[in-house]
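Visitor:
There are 2 protein chains.
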Amino acid sequence: MTDAAADHFDLIVLGAGTGGYTAAFRAAQLGLRTALVDEDQIGGTCLHRGCIPTKALLESADVHARMKKAADFGVVVDGTVAVDYAVVAARRDAVVKRMTTGLRGLVKRSGVEWVAGRGRLEGPTTVRVSLAGEDGTPGSGGERVLRATDVILATGSRTKSLPGLVTDGVRILTSDDILRRADLPASIVIVGAGAVGVEFASFFHDMGASVTLVEYLPAIVPLEDAEVSAVLERSFTRRGIRVITKARFDTSAVAADDAGVRFVVSRDGEEGSEQIAAEVMLVATGRAANVEDVGLETTQVVVDRGIVVVDDHMRTADPHLWAIGDIVGGLWLAHTAAHEGLIAVHTIAGEDVEGMDYAKQPRATYCRPEIASIGLTEAQCVERGIATRIGKVPFQAIAKAVIGGEYEGFAKVIADAATGETVGVHIIGPHATDLIAEGAVAMVFEAEPWEIALATHPHPTNAEVLAEAAMAVDGRSINF
Amino acid sequence: MTDAAADHFDLIVLGAGTGGYTAAFRAAQLGLRTALVDEDQIGGTCLHRGCIPTKALLESADVHARMKKAADFGVVVDGTVAVDYAVVAARRDAVVKRMTTGLRGLVKRSGVEWVAGRGRLEGPTTVRVSLAGEDGTPGSGGERVLRATDVILATGSRTKSLPGLVTDGVRILTSDDILRRADLPASIVIVGAGAVGVEFASFFHDMGASVTLVEYLPAIVPLEDAEVSAVLERSFTRRGIRVITKARFDTSAVAADDAGVRFVVSRDGEEGSEQIAAEVMLVATGRAANVEDVGLETTQVVVDRGIVVVDDHMRTADPHLWAIGDIVGGLWLAHTAAHEGLIAVHTIAGEDVEGMDYAKQPRATYCRPEIASIGLTEAQCVERGIATRIGKVPFQAIAKAVIGGEYEGFAKVIADAATGETVGVHIIGPHATDLIAEGAVAMVFEAEPWEIALATHPHPTNAEVLAEAAMAVDGRSINF
């Protein structure tokens, strides 16, 4: 296997995360001879260090939170309820293992050739792979050179910290570190209140830890609609999560030792400051694209502010080199990477497919209450000068949510007043992440709100909130 | 208030169930002067004796079932878990009361005139109402005659038993009886495995009762796709619910006394018989439309086999008399009644709206696993000579379902091979009742499966099962 004679493929996909394997499987379905190269296991960040293990943890937290309220439902515990975090962590790992095994089976069935090793471009359509050895040791299996008509780069991203703040894996943690731990801290301070930050805040609080959430911007989940952010902050605060927005602190003055983590935070525009102390800190301030050591310097690829530049069909400046997923920035979401992958392979296969439109990509955050959205926020409409008509209905008007006992939140449908078309759907509340799929279908069909409402929503379901909000755009909601 | 001088309205809606109040509220929004007449509270069967109290019970059962599995999630109970059925029943009633209060507030805001009393037609557009007294006593408030340009009948339905089987409210119960009880039987036999029967079977089993489910037809949930029925029967049987299909028994030989209910059942086409004994029997064999004592004999209305005949815009044989909801048969579902109501009022208001298409109405059953569907089953396609292309993906391929720990079931998308259009969506599994709303939107747009898949479904969600099944129609699923 040290032979470096080139194999030729129709397509090489470099990186086997969600975007990469989706692209590879579809390419094979379209008849392309395809190689999928990764030094790591199939599934990438999402499966191994992201969505899947996190959601497995959140599911345990949900069970715990629900048990604490079980008496309301007539289910009475005579005794104590405790978290066995070793079991929580083991279940998290078992879920990941199960899905990984499933994907491995799919690779076999797909006809895609799996190449285990680290790939590096040598020019736009040649990949030199440093193969893993029999025992899995990186590089010990020699090298293999692959050539292809087209190459898709899908090398993903990694956690990144703030300037001056060094994560040590013990006191100052990345989400990767959290997802390897098998113990629960008594207290945690989370820096960054994007999707990752609020999910872990919700999780650790539901698991019984003391949680402080620190955000630089004036709102938590700052990319969401402002009303969503407000409801989540209120919910978190009411539950006892300490939320500090407009936070300013000196990263170089963060003390981390055996006693835990301590630092002083102030709020922008406000007097005074406060001391934050916790057993550990989670730094959830974003990710960096893996654009280094990929051999981009051997290609025409343009990297701008750490991101590979592509057109709306995912083509780089090199006509046969494509890029998808976190390395192209966008939304840093697995399902978006998959969609980008599909656009790329269908285009490579010679089909005329619609280009990438990030306004039609749903976003999902699995804190409690859940958040999901698609399209523009109200503020974005204002920025773009789009006159809007808005319908907003709270979950407390929805029988199924009341039945479920969790009815914080709302659905909000935003239509362009000029065209009538739905331009944004925002949901915070029960099952939001499942409900937004309907919004995605509506967006594909450029639905007006009344058309969403024309679809009969079964009663009683949480999904009714979308129909009611859609009708509310025209002042015609029924149950609110 | 004994004055019988006629008041004139644009519209009188007779019956304030889901269909009736939806029609009335929308009529008011469209500028029609509207009266809503009912002797009972607003909300009808669904809110008071149907969906809502049942789903409240099922929610408690879900909490109980989830607690029994909590240790799998790392949440450990040191002690015992028990059901306090008085609390379960009180919560059920509190949910109903809360939603009723909400609707009362909406009546006030709507501008609809609420007329509390029993209405009877005197000709197609006159309603004589026997008013409730100050204390609520029916009829003691005298009479009032209302006239209107149009009248919508929405008098609903009631439980019905099998010929020869008399429900006594003690041992042989209707769903109404069950929903009034504040105690849990140790054992129950349920006759009829439609939506009501399987929901109560699932509920009582999850609450710890011994359950026998008896169905005349060869399959439980016989209106659903055969593969859905098969999965549910397997799931029920595995959980320990005794399922007897093709059941035959002599209704007149059912013994009901202080010891409970006993009868002998055989299976059609099979030798032998078995003795069934339980504390109580639930008769869940369908409903009868309330077409009596409404004054239909004073109109041209045609009643066929107990059902009011209407056209696809809900117009009866009398041009200004309309009928919606359970009295027109159809699907006997609250949300369908509401949709019928909307079609009627928009037509009355002079708009040209699409007629009723029952193939675009979703159906939802809240047993565990949940069932939801829209459009045609595979068998119905065969009957109608529709050549099909089918995609079916199990929930075990869906990461979020695996995370949730309940991943029995599948989604199945059926397309017409000739037109490409989606003609049926069938889901059994987690959150099915919420997920089917997406199918309803897709049906409104006559979506082909690839268009459903073109909508990016957020990852990881249960909703992905629909995208995968839609892609599977073209042999292009990614995660299965």
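Residue numbers (this note's numbering), protein chains in the order written: chain P, 1 to 480; chain E, 481 to 960. Ideal placement from N, C-alpha and C gives every residue a C-beta, glycine not left out.
#1: Name the chain E residues whose beta carbon is nearer than 9 Å to that of residue 401 of chain P?
#2: Less than 7 Å between C-beta atoms, sequence neighbours within five positions excluded: which residues of the same chain meet that for residue 544 of chain E?
#3: Excluding the five sequence neighbours on either side, which residues of its own chain have a C-beta within less than 6 Å of the C-beta of residue 941 of chain E, listed in chain order?
#4: If you reduce the DSSP assignment to three classes, tell me which class residue 571 of chain E lands in.
#5: Would you mind giving the Cβ-Cβ distance between residue 832 of chain E and residue 866 of chain E, rounded to the nearest angstrom? I have them listed as a contact below 8 Å.
#6: Taking one C-beta from the region 258-273 of chain P and one from the region 152-162 of chain P each time, how about it: are there three or more such pairs within less than 8 Å?
#7: Strictly under 8 Å for the Cβ-Cβ distance: is residue 887 of chain E near chain P by that measure?
#8: Which ranges does the alpha helix (DSSP H) cover as unbroken runs of at least 4 residues, wholly within the region 111-145 of chain P, from first to last along the chain?
#9: Taking the alpha-carbon positions, what's the residue 483 of chain E to residue 233 of chain P distance?
#10: How about residue 242 of chain P and residue 266 of chain P: do their beta carbons lie closer than 8 Å?
#11: Considering only C-alpha positions, which residue in the set P/451, P/144, P/183 is nearest to residue 834 of chain E?
#12: Please confirm if the region 159-179 of chain P is in contact with the region 44-56 of chain P, defined as three or more CB-CB distances below 8 Å between the two stretches.
#13: Using a Cβ-Cβ cutoff of 8 Å, what residues of the region 444-458 of chain P are near chain A? List them in chain order.
#14: Under 8 Å between beta-carbons, which chain P residues line up against residue 946 of chain E? List them in chain order, please.
#15: Would the region 112-131 of chain P and the region 53-63 of chain P be scored as touching if the rule is three or more Cβ pairs under 8 Å?
#16: Give a yes or no on whether 8 Å exceeds the smallest Cβ distance from residue 22 of chain P to chain E.
#17: Which value, in whole angstroms, describes the spacing of the CA atoms of residue 235 of chain P and residue 408 of chain P?
#18: Under 8 Å, Cβ to Cβ, is there at least one residue of chain P near residue 602 of chain E?
#19: Helix or strand or just coil, what does DSSP make of residue 525 of chain E?
#20: Taking only three categories from DSSP, how would you classify residue 275 of chain P?
#21: Who are the near neighbours of residue 856 of chain E in its chain, counting only those whose CB is closer than 8 Å to its CB and skipping five residues on each side?
#22: Compare the Cα-Cα distances from residue 875 of chain E to each of E/522, E/909, E/869, E/921 and report the closest residue.
#23: Please report the straight-line C-alpha distance between residue 816 of chain E and residue 467 of chain P, rounded to a whole angstrom.
#24: For residue 80 of chain P and residue 412 of chain P, what's the separation of their Cα atoms in angstroms?
#25: Taking the C-alpha atoms as reference points, what is the distance between residue 270 of chain P and residue 230 of chain P?
#26: Going by the beta-carbon positions, is the gap between residue 681 of chain E and residue 691 of chain E smaller than 8 Å?
#27: Between residue 125 of chain P and residue 299 of chain P, what straight-line distance do the alpha-carbon atoms span, to the nearest angstrom?
#28: If contacts are defined as beta-carbon pairs under 8 Å, then residue 343 of chain P and residue 11 of chain P qualify, I think. What distance do you get, rounded to the angstrom?
#29: According to DSSP, simplified to helix, strand and coil, what is residue 483 of chain E?
#30: What does residue 660 of chain E touch in chain P if you count any residue whose Cβ is under 9 Å from its own?
#31: Please report how far the alpha carbon of residue 436 of chain P lies from the alpha carbon of residue 952 of chain E, in whole angstroms.
#32: Which class does residue 312 of chain P belong to by DSSP, given the choice of helix, strand or coil?
#33: Give the DSSP bridge partners of residue 36 of chain P, in chain order.
#34: Find the nearest neighbour of residue 626 of chain E within the set E/603, E/613, E/618, E/619, judged by alpha-carbon distance.
#35: Please report the straight-line C-alpha distance between residue 882 of chain E and residue 950 of chain E, rounded to a whole angstrom.
#36: Using CA atoms only, rank isn't needed, just tell me which of P/327, P/320, P/366 is closest to residue 350 of chain P.
Guide: Once the coordinates are examined:
#1: Taking the first sequence and counting its residues from 1, one reaches residue 401 of chain P at position 401. The contacting residues do not exist; residue 401 of chain P stays about 11 Å from chain E at best.
#2: Within the second sequence, the letter at position 64 stands for residue 544 of chain E. Here the set comprises 563, 686, 687.
#3: As a working mapping, residue 941 of chain E is identified with position 461 in the second sequence. Around residue 941 of chain E: 880.
#4: As a position in the second sequence, residue 571 of chain E is number 91, starting the count at 1. Looking at residue 571 of chain E - three-state DSSP - the assignment turns out to be helix.
#5: Against the second sequence, residue 832 of chain E aligns to sequence position 352. Against the second sequence, residue 866 of chain E aligns to sequence position 386. Actually they do not touch by this definition, with Cβ atoms about 29 Å apart.
#6: Not touching, per the Cβ criterion.
#7: As a working note, residue 887 of chain E is residue 407 in the second sequence. It does not: the Cβ of residue 887 of chain E has no partner Cβ on chain P nearer than 8 Å.
#8: You should have found no qualifying run.
#9: Taking the second sequence and counting its residues from 1, one reaches residue 483 of chain E at position 3. Taking the first sequence and counting its residues from 1, one reaches residue 233 of chain P at position 233. Because the pLDDT at residue 483 of chain E is just 47, under 50, the model does not fix this residue reliably, and the point stays unresolved.
#10: The count along the first sequence starts at 1 and reaches residue 242 of chain P at position 242. The count along the first sequence starts at 1 and reaches residue 266 of chain P at position 266. Residue 266 of chain P is positioned such that its CB atom lies no closer than 8 Å to that of residue 242 of chain P.
#11: Here residue 834 of chain E refers to the residue found at position 354 of the second sequence. Among P/451, P/144, P/183, the Cα nearest to that of residue 834 of chain E is on P/451.
#12: yes
#13: Within the model displayed, chain A is absent; protein chains P and E are what it includes.
#14: Stepping through the second sequence from its first residue, residue 946 of chain E is reached at position 466. Within chain P, the residues near residue 946 of chain E are 437.
#15: no
#16: Position 22 of the first sequence, counting from 1, holds the residue named residue 22 of chain P. For residue 22 of chain P, the answer is yes, since a Cβ of chain E falls inside 8 Å of its Cβ.
#17: Residue mapping note: residue 235 of chain P aligns to position 235 of the first sequence, counting from 1. Residue mapping note: residue 408 of chain P aligns to position 408 of the first sequence, counting from 1. Taking the straight line joining both Cα atoms gives about 8 Å.
#18: In the second sequence, counting from the first residue as 1, residue 602 of chain E sits at position 122. Not flagged as an interface residue toward chain P: residue 602 of chain E, since no C-beta distance is shorter than 8 Å.
#19: Within the second sequence, residue 525 of chain E is the residue found at index 45, counting from 1. Residue 525 of chain E falls in the helix class under three-state DSSP.
#20: The residue you call residue 275 of chain P lines up with position 275 of the first sequence. Strand at residue 275 of chain P.
#21: For the purposes of this step, residue 856 of chain E is taken as residue 376 along the second sequence, with counting starting at 1. Answer for residue 856 of chain E: 839, 864, 866, 894, 903, 904, listed in chain order.
#22: In the second sequence, the residue the question calls residue 875 of chain E occupies position 395. Comparing Cα-Cα distances from residue 875 of chain E to each of E/522, E/909, E/869, E/921, the minimum goes to E/909.
#23: Taking the first residue of the second sequence as position 1, residue 816 of chain E is located at position 336. Taking the first residue of the first sequence as position 1, residue 467 of chain P is located at position 467. Cα to Cα, the separation comes out at about 14 Å.
#24: Numbered from 1 along the first sequence, position 80 holds the residue referred to as residue 80 of chain P. Numbered from 1 along the first sequence, position 412 holds the residue referred to as residue 412 of chain P. Computed Cα separation, rounded: 40 Å.
#25: Stepping through the first sequence from its first residue, residue 270 of chain P is reached at position 270. Stepping through the first sequence from its first residue, residue 230 of chain P is reached at position 230. The straight-line gap from Cα to Cα measures roughly 20 Å.
#26: Mapped onto the second sequence, residue 681 of chain E falls at position 201. Mapped onto the second sequence, residue 691 of chain E falls at position 211. The answer is yes: Cβ separation under 8 Å.
#27: In the first sequence, residue 125 of chain P corresponds to position 125, counting from 1. In the first sequence, residue 299 of chain P corresponds to position 299, counting from 1. So the two alpha carbons sit approximately 9 Å from each other.
#28: Here residue 343 of chain P corresponds to residue number 343 of the first sequence, with the count starting at 1. Here residue 11 of chain P corresponds to residue number 11 of the first sequence, with the count starting at 1. Rounded, the Cβ-Cβ distance is 14 Å, inconsistent with contact.
#29: In the second sequence, the residue the question calls residue 483 of chain E occupies position 3. In this prediction, residue 483 of chain E scores a pLDDT of 47, lower than 50, which makes its location untrustworthy; the coordinate-derived value is nonetheless stated afterwards. In the structure shown, residue 483 of chain E sits in coil (DSSP, three-state: anything other than H, G, I, E or B).
#30: Taking the first residue of the second sequence as position 1, residue 660 of chain E is located at position 180. What residue 660 of chain E touches in chain P: nothing, since even the nearest Cβ is about 16 Å away.
#31: Reading the first sequence from its first residue, position 436 is the one you call residue 436 of chain P. Reading the second sequence from its first residue, position 472 is the one you call residue 952 of chain E. Going by the C-alpha atoms only, they are around 21 Å apart.
#32: Translated into positions along the first sequence, residue 312 of chain P becomes position 312. Correct three-state label for residue 312 of chain P: coil.
#33: In the first sequence, the residue the question calls residue 36 of chain P occupies position 36. According to DSSP, which records beta bridges pairwise, residue 36 of chain P is partnered with P/13, P/114.
#34: Numbered from 1 along the second sequence, position 146 holds the residue referred to as residue 626 of chain E. Among E/603, E/613, E/618, E/619, the Cα nearest to that of residue 626 of chain E is on E/603.
#35: Taking the second sequence and counting its residues from 1, one reaches residue 882 of chain E at position 402. Taking the second sequence and counting its residues from 1, one reaches residue 950 of chain E at position 470. Taking the straight line joining both Cα atoms gives about 20 Å.
#36: For the purposes of this step, residue 350 of chain P is taken as residue 350 along the first sequence, with counting starting at 1. Comparing Cα-Cα distances from residue 350 of chain P to each of P/327, P/320, P/366, the minimum goes to P/320.
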